[in-house]
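S.K.: Got a structure for you, written out below as structure tokens; questions coming shortly.
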Amino acid sequence: MSQERPGPAIPFQTADTQVDNAALDAERQLAGAVDAMLAGGALSGTAAQFAQPRGADLLARTAGVERWHDQRAAHGLWQYARSLEGAPYPIASIRDEAGTGARGINFASQDYLSLASHPGVAEAAAKALRDAGPHSAGSAVLLGNTKTSLALEQAIAGLVQAEHVALFPTGWGAAFGAITALVQAQDHIVIDQFAHASLRQGASAATANVTVNRHLDVEHVRQLLGAIRARDTEHGIMVVTEGLFSMDSDTPDIARLQALCHEYGATLLVDVAHDLGALGPNGGGCIEQQGMLGKIDLVMGAFSKTFSSNGGFVATSSRAVKRHLQLYAGPHMFSNALSPVQSAVILECINIIGSSEGAALRADLMRNVESLRGLLAGEGLNCIGIPSAIIPVLIGSEKVSRLVGKMLFDQSVFVNQVEFPGVPVGASRLRLQLMANHNMQQLKRAAPVIGNAVARARSAIQAGEARLQRNQGNA
23 MSQERPGPAI
33 PFQTADTQVD
43 NAALDAERQL
53 AGAVDAMLAG
63 GALSGTAAQF
73 AQPRGADLLA
83 RTAGVERWHD
93 QRAAHGLWQY
103 ARSLEGAPYP
113 IASIRDEAGT
123 GARGINFASQ
133 DYLSLASHPG
143 VAEAAAKALR
153 DAGPHSAGSA
163 VLLGNTKTSL
173 ALEQAIAGLV
183 QAEHVALFPT
193 GWGAAFGAIT
203 ALVQAQDHIV
213 IDQFAHASLR
223 QGASAATANV
233 TVNRHLDVEH
243 VRQLLGAIRA
253 RDTEHGIMVV
263 TEGLFSMDSD
273 TPDIARLQAL
283 CHEYGATLLV
293 DVAHDLGALG
303 PNGGGCIEQQ
313 GMLGKIDLVM
323 GAFSKTFSSN
333 GGFVATSSRA
343 VKRHLQLYAG
353 PHMFSNALSP
363 VQSAVILECI
373 NIIGSSEGAA
383 LRADLMRNVE
393 SLRGLLAGEG
403 LNCIGIPSAI
413 IPVLIGSEKV
423 SRLVGKMLFD
433 QSVFVNQVEF
443 PGVPVGASRL
453 RLQLMANHNM
463 QQLKRAAPVI
473 GNAVARARSA
483 IQAGEARLQR
493 NQGNA
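Under the numbering used here, the letters of the sequence shown match residues 23 to 497, in that order.
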């Protein structure tokens, strides 16, 4: 009877050994992927390089940014143009631009009080559609107003304690329209260095006399106003800031800024897009928290963060200012007005925000915010700013943040990976957006995934760049 020869001894593997081997395999795969990304240029460059292309052919000269896109997209590193498969719920299905789908925890949508899924809001939209149809059929100046939009003007006026409100089809239009209508070429603008692009582009379009103040630096604003008034007492000055800065989750001293504007004969404009409705005891945002309701020259905002709709507004104590905006703010006069459905949705959201239910939703939101900030800090991450629906996790390196964004998408945790032009070059970050109806299980699952992804990405990029340098040195 023949006997088989014994094969080579197989080392005994415990469960821990198998886990260690799997982890090593994962790190090898990540290292290989990073090497390919670095070699292919997918982690290099920023959008700043392609912002002002040269060449006589306006269309052909855009090819550079498309080649850069293709390098990134080939490795799954293009974070823009993703799409929701359904509603912006805490658990959502999304697809990237290439069509790759995933379902997971959603920190990328702006629905701070979860009103986009509120049955009362859905019913308000359905009723408006039945009663008034889907379209306003005109600009606000030319029969585009509806009884619902007029009621909305009054509701916004009550929320921010202003007397007059002009509505706009977008928040961008409200910012751009207010600045370009009120500021003339000979006037001056002092604007925070991190102000939203709509405010910055409005300022540039209105006048060449634009001065940028250091972020949140009230004393710098004083110096700039003093210098302007020392040489020009005849023309206007607008000081532009935000209630809550969307990439840093921080807020200025609004009372001091308004006092400075009074002292130097300037006008203060505060953009409350990200805080109105979601912050403050009654949903009045940072201006309510700072005791400034009804005391600010101009308040403008957007409905797309807490009010479940496109649209924007400018609020003022002056009827004359509203009249001026009606005639000279291009996005108001020359764009179609908010639809009856949009107006009804926003109006219902305001009703909820001002109710006991709204207070409970804000409490739920802030409980989630405080919990997730604590969990992320426990992972060693730098969550900047004050507690708000926005949690910015500072990364710095665009290479690291791009890799983190891909790793999180692959693990079904959806965040916004932000780099230039959203923030300065070298200040890349993750922007997480919380909702009132996120739950603790989702937060506890996501935090270690995010922490692990950031740590692994930093290590992998550092090691990959070292290998690339060695290889180039040996070539």
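Note that beta-carbon positions come from the ideal geometry of N, C-alpha and C, so glycine has one too.
Nothing here was measured: the structure is a model prediction, and the numbers come from that model.
Could you check where the alpha helix (DSSP H) with residue 347 kicks off and where it finishes?
M.R.: Reading the sequence shown from its first residue, position 325 is the one you call residue 347. It spans 341-350 - the alpha helix (DSSP H) in which residue 347 sits, taken as one unbroken run.
S.K.: Which residue comes first and which comes last in the alpha helix (DSSP H) that contains residue 127?
M.R.: Counting from one through the sequence shown, the residue named residue 127 turns up at place 105. Element bounds for residue 127: not the alpha helix (DSSP H) but the beta strand (DSSP E), 123-128.
S.K.: With a threshold of 16 other CB atoms inside 10 Å of the CB of residue 414, please say whether the residue is buried or exposed.
M.R.: Position 392 of the sequence shown, counted from the start, is the residue given in the question as residue 414. When all chains shown are included, residue 414 counts as buried.
S.K.: Tell me whether the beta-carbon of residue 471 lies closer than 9 Å to the beta-carbon of residue 156.
M.R.: Along the sequence shown, one-based indexing puts residue 471 at 449. Along the sequence shown, one-based indexing puts residue 156 at 134. Against a cut-off of 9 Å, the Cβ pair of residue 156 and residue 471 comes out as no contact.
S.K.: List in chain order: all unbroken beta strand (DSSP E) runs of 3+ residues lying wholly within the stretch 227-301.
M.R.: Listed in chain order, they are 232-235, 259-264 and 289-293.
S.K.: Identify whether residue 105 lies in helix, strand or coil by the three-state DSSP scheme.
M.R.: Stepping through the sequence shown from its first residue, residue 105 is reached at position 83. Residue 105 falls in the strand class under three-state DSSP.
S.K.: Does the beta-carbon of residue 284 have 16 or more other beta-carbons within 10 angstroms, so that it is buried, or is it exposed?
M.R.: By 1-based counting over the sequence shown, the position of residue 284 is 262. It is exposed - the Cβ of residue 284 has fewer than 16 other Cβ atoms within 10 Å.
S.K.: With DSSP run on the structure shown, which of helix, strand or coil describes residue 187?
M.R.: The sequence position of residue 187 within the sequence shown is 165, counting from 1. If DSSP states are grouped into helix, strand and coil, residue 187 belongs with the strands.
S.K.: What is the DSSP secondary structure of residue 156, counted as helix, strand or coil?
M.R.: Here residue 156 is taken as the residue at index 134 of the sequence shown, counted from 1. The answer is coil: DSSP assigns residue 156 none of H, G, I, E or B.
S.K.: With a threshold of 8 Å, are at least 3 pairs of Cβ atoms found where one atom belongs to the stretch 170-177 and the other to the stretch 244-253?
M.R.: The stretch 170-177 vs the stretch 244-253: no contact.
S.K.: Does the Cβ of residue 345 have 16 or more other Cβ atoms within 10 Å, making it buried, or fewer, making it exposed?
M.R.: Counting from one through the sequence shown, the residue named residue 345 turns up at place 323. So residue 345 ends up on the exposed side.
S.K.: Check residue 485 in the structure and name its three-state DSSP category.
M.R.: As a position in the sequence shown, residue 485 is number 463, starting the count at 1. Of the three classes helix, strand and coil, the one that applies to residue 485 here is helix, per DSSP.
S.K.: In the structure shown, what three-state DSSP assignment does residue 218 receive?
M.R.: Along the sequence shown, one-based indexing puts residue 218 at 196. DSSP places residue 218 in coil when its eight states are reduced to three.
S.K.: Looking only at DSSP bridge pairs, what is residue 210 linked to?
M.R.: Here residue 210 refers to the residue found at position 188 of the sequence shown. Answer by DSSP bridge pairing, in chain order: 259.
S.K.: Which of the three DSSP states is assigned to residue 115 in this structure?
M.R.: Along the sequence shown, one-based indexing puts residue 115 at 93. Residue 115: strand per DSSP, three-state reduction.
S.K.: Based on the DSSP output, what are the partners of residue 413 in its beta bridges?
M.R.: Counting from 1 along the sequence shown, the entry for residue 413 is found at position 391. DSSP lists 454 as partners of residue 413.
S.K.: Just to confirm the assignment, what range does the beta strand (DSSP E) spanning residue 324 have?
M.R.: Along the sequence shown, read from residue 1 onward, the residue named residue 324 stands at position 302. 320-324 is the extent of the beta strand (DSSP E) around residue 324.
S.K.: With 16 as the cutoff for other CB atoms within 10 Å, does residue 421 come out buried or exposed?
M.R.: If you number the sequence shown from 1, residue 421 lands on position 399. Answer is buried; the Cβ neighbour count reaches 16.
S.K.: Look at the Cβ atom of residue 434, then the Cβ atom of residue 126, and state whether they are nearer than 9 Å.
M.R.: Sequence index remark: in the sequence shown, residue 434 carries index 412 (1-based). Sequence index remark: in the sequence shown, residue 126 carries index 104 (1-based). Cβ atoms of residue 434 and residue 126: closer than 9 Å.
S.K.: Tell me where the beta strand (DSSP E) around residue 337 begins and ends.
M.R.: Along the sequence shown, one-based indexing puts residue 337 at 315. 334-338 is the span of the beta strand (DSSP E), which, as asked, contains residue 337.
S.K.: Out of curiosity, what's the CA-to-CA distance linking residue 109 and residue 128?
M.R.: The residue you call residue 109 lines up with position 87 of the sequence shown. The residue you call residue 128 lines up with position 106 of the sequence shown. Their backbone Cα atoms lie some 11 Å apart in a straight line.
S.K.: Rounded to whole angstroms, what is the Cα-Cα separation between residue 391 and residue 140?
M.R.: Residue mapping note: residue 391 aligns to position 369 of the sequence shown, counting from 1. Residue mapping note: residue 140 aligns to position 118 of the sequence shown, counting from 1. For residue 391 and residue 140, the distance between alpha carbons rounds to 20 Å.
S.K.: For the structure I just gave you, are there three or more beta carbon pairs, one from the stretch 322-340 and one from the stretch 292-299, closer than 8 Å?
M.R.: Enough Cβ pairs lie closer than 8 Å, so yes.
S.K.: Would you decide whether residue 493 is buried or exposed? Buried here means 16 or more other CB atoms lie within 10 Å of its CB.
M.R.: By one-based count along the sequence shown, residue 493 stands at place 471. Exposed, since its Cβ has fewer than 16 Cβ neighbours within 10 Å.
S.K.: What would DSSP say about residue 27, mapped onto helix, strand or coil?
M.R.: Counting from 1 along the sequence shown, the entry for residue 27 is found at position 5. Below a pLDDT of 50, predicted positions are generally treated as unreliable, and residue 27, at 44, falls in that range; no measurement from the model is reported.
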